[in-house]
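In what follows, a single structure is set out as structure tokens and then discussed.
2 protein chains.
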Amino acid sequence: MAYRETKKTRKHKERVHNQILSVARVAVAEGGFAAVQMSSVAAAAGLATGTLYRHFPSKAELLAEVFRRVTKREVQVMTAIADTDGAAPSRLGDAVEVFARRALQSPVLAYALIFEPVDTLVDAERLAFRRSYAVVLGRIIDDGIKSGAFPAQNTAVVANCIVGALAEALIGPLADRTLTTRSETEVEIEAIVTFCLNAVSGQQKGTAR
Amino acid sequence: MAYRETKKTRKHKERVHNQILSVARVAVAEGGFAAVQMSSVAAAAGLATGTLYRHFPSKAELLAEVFRRVTKREVQVMTAIADTDGAAPSRLGDAVEVFARRALQSPVLAYALIFEPVDTLVDAERLAFRRSYAVVLGRIIDDGIKSGAFPAQNTAVVANCIVGALAEALIGPLADRTLTTRSETEVEIEAIVTFCLNAVSGQQKGTAR
DNA sequence: TTAAGTAATGAACAATGATTCACATCTTTG
DNA sequence: CAAAGATGTGAATCATTGTTCATTACTTAA
Chain E
8 MAYRETKKTR KHKERVHNQI LSVARVAVAE GGFAAVQMSS VAAAAGLATG
58 TLYRHFPSKA ELLAEVFRRV TKREVQVMTA IADTDGAAPS RLGDAVEVFA
108 RRALQSPVLA YALIFEPVDT LVDAERLAFR RSYAVVLGRI IDDGIKSGAF
158 PAQNTAVVAN CIVGALAEAL IGPLADRTLT TRSETEVEIE AIVTFCLNAV
208 SGQQKGTAR
Chain L
8 MAYRETKKTR KHKERVHNQI LSVARVAVAE GGFAAVQMSS VAAAAGLATG
58 TLYRHFPSKA ELLAEVFRRV TKREVQVMTA IADTDGAAPS RLGDAVEVFA
108 RRALQSPVLA YALIFEPVDT LVDAERLAFR RSYAVVLGRI IDDGIKSGAF
158 PAQNTAVVAN CIVGALAEAL IGPLADRTLT TRSETEVEIE AIVTFCLNAV
208 SGQQKGTAR
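Line order of the protein sequences matches chains E and L. Take 8 as the starting number for the first sequence in the working numbering and just add one per residue. Take 8 as the starting number for the second sequence in the working numbering and just add one per residue.
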């Protein structure tokens, strides 16, 4: 035997691996998943195209990994808020607000994570991502119901609705991110938070219209 | 001069034009826009591929026209409800419910119209489509505010939120359309309607959390 | 140093599917 | 019927990118 994996080689391999992911992430943040081309990523990372395939079996897997990494942090942030020990309405408001602020800070990335279609692999990850949000929100709502802060309701559906409302209002095709000033942004965030809190706190029973 | 367009030829042309659109629409309803291939459409319409290009300059234009046609009807349906002379909450509830029912009836088509990414042309149409919904909903909400049925609020943002909530809860990646029975569907629709009415009727001011 | 194995390279390849175009066919008018 | 123009045809072309692979360059252990 002659060559064997050693600390040095492993470290190098890992470094390159991360470098590729990092370059790809920047590309996604700048132009979405669609803007990621294997050749561009390779070039930006100072590698040959073929080298990427030493680290990722396919473009889809690379993108999925990028998605996973970025996404993990986002869910962590929201989970941290959910696990606070404040009152449910307060936590729900905070969670919504944080989502909003982060989305507005990196709109392209937010769009990519929430909407942009890529391929089956990433779509599967996105499913999990969105569900994570819904789960976290659902926990807060359930807490609120238990404590009497919110009326009984279909938590699962409501959580989905909130995720959708956030996505659409902030990132969706309708969101006109171009002309909003700082204070306009604040007003909008406020409106969205109010919308969500109202929706969850409302007194009306289903048939009450 | 020899050949000139006549009633007969015009009729024929139009017939073929519609035939193409019809075949394409069916394809979209069955497999989404991604499932539409020029060669398939041609074959299904009993034409040669090249013939399609006598009627539409490009695939994108064909799809955009399909989108426009399908979409037009959907907006008409919702507009009809909005223009009813009932109370605002009742109209809002009806609008939401109708959206939900139609979406659940043709899930693939609904997904294609609301989410599925295609190309710039169709995306532009989708923008207009979603905005139409928001505008119609916004009108109802404004009516409600004027009549005192709803508190004052940021109508534009709220309308977007509702569109998003509907899209996500009914069509989005989170929606698990597979196992729902008839009555489960009814429960879900009920929950969504309640969510939206609560969100719009809520008493809380923005800072009240 | 050498043998053995791993990593890097990047030009060539493959697959997909929209689009074109030279030609044939059909319609109309005189 | 002939001429002129429009419409239909479908195999060939084009364009785009992800993926492969023969070759070269490293790295390690003996």
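A virtual CB, placed ideally from N, CA and C, is assigned to each residue, including glycine.
**OP:** Using a Cβ cut-off of 8 Å, pull out every chain E residue sitting near residue 31(L), in sequence order please.
**Re:** Under the 8 Å cutoff, chain E gives no residues; its nearest Cβ is about 20 Å from residue 31(L).
Subject >> Cβ of residue 202(E) within 7 Å of any chain L Cβ >> reply: yes
**OP:** Would you kindly check if the distance between the Cβ of residue 43(L) and the Cβ of residue 34(L) is under 7 Å?
**Re:** yes
Original post:
Within 7 Å (strictly less), CB to CB, does residue 143(E) reach chain L?
Top reply: no
Original post:
DSSP on residue 193(L), reduced to helix/strand/coil?
Top reply: helix
Original post:
At what residue ranges does the segment 122-169 of chain E contain a whole run of the alpha helix (DSSP H), taking only runs of 4 or more?
Top reply: 127-154
Subject >> chain L residues whose Cβ lies nearer than 7 Å to that of residue 219(E) >> reply: An answer regarding residue 219(E) cannot be provided, because it is not within the stretch 8 to 216 covered by chain E.
Subject >> Classification of residue 208(L) by the beta-carbon crowding that lies within 10 angstroms, buried from 16 upward >> reply: buried
**OP:** Check the Cβ of residue 199(L) against every Cβ in chain E and list those closer than 8 Å, keeping chain order.
**Re:** 164, 168
Original post:
Does the distance from the C-beta atom of residue 115(E) to that of residue 36(E) stay below 7 Å?
Top reply: yes
**OP:** Just the chain E side, please: which residues come within less than 9 Å of residue 25(L) by C-beta, in chain order?
**Re:** Chain E residues near residue 25(L): none, gap ~29 Å exceeds 9 Å.
Subject >> Three-state secondary structure (DSSP) of residue 206(L) >> reply: helix
Original post:
DSSP state of residue 11(E), grouped into three classes?
Top reply: coil
**OP:** Give the interface partners of residue 65(L) over in chain E, defined as CB-CB distance under 8 Å, in chain order.
**Re:** Ordered by position in chain E, no residue passes the 8 Å Cβ test against residue 65(L), which lies about 19 Å from the chain.
Original post:
Taking the alpha helix (DSSP H) that residue 102(E) falls in, what are its first and last residues?
Top reply: 95-112
**OP:** Mind checking the segment 116-133 of chain L against chain E and listing, in chain order, the residues whose C-beta falls within less than 8 Å of any C-beta there?
**Re:** 122, 123, 124, 130, 133
**OP:** Measure the beta-carbon distance from residue 32(E) to residue 103(E) and round it to whole angstroms, keeping in mind my assumption that it falls under 8 Å.
**Re:** Between residue 103(E) and residue 32(E) the Cβ distance is about 26 Å, and since that is not below 8 Å, they are no contact.
**OP:** In angstroms with no decimal places, state the Cα-to-Cα distance between residue 96(L) and residue 146(E).
**Re:** 29 Å
Original post:
Which residues in chain L sit within 9 Å of residue 208(E), going by Cβ to Cβ distance?
Top reply: 205, 209, 210, 211
Subject >> Where the alpha helix (DSSP H) through residue 39(E) begins and ends >> reply: Per DSSP, residue 39(E) belongs to no alpha helix (DSSP H) and is neither H nor E.
Original post:
From this set, 175(E), 148(E), 108(E), which residue's C-alpha is nearest residue 137(L)'s C-alpha?
Top reply: 175(E)
Original post:
Under 7 Å, do residue 25(L) and residue 206(E) count as touching if we go by C-beta distance?
Top reply: no
Original post:
So which residues of chain E does residue 174(L) contact, with C-beta pairs closer than 9 Å?
Top reply: 171, 174, 175, 179
**OP:** For chain E, find out if any of its Cβ atoms is closer than 7 Å to the Cβ of residue 40(L); answer yes or no.
**Re:** no
**OP:** Could you spell out the range, first to last residue, of the alpha helix (DSSP H) harbouring residue 46(E)?
**Re:** 45-51
**OP:** Return the Cβ separation of residue 54(L) and residue 111(L) in integer angstroms, given the expectation that the two are a contact with Cβ distance under 8 Å.
**Re:** The Cβ separation is near 34 Å, so there is no contact.
**OP:** Using 10 angstroms around the beta-carbon of residue 19(E), count the other beta-carbons present and answer buried if the total reaches 16, otherwise exposed.
**Re:** exposed
Original post:
Alpha carbon to alpha carbon, how far is residue 152(E) from residue 94(E)?
Top reply: 11 Å
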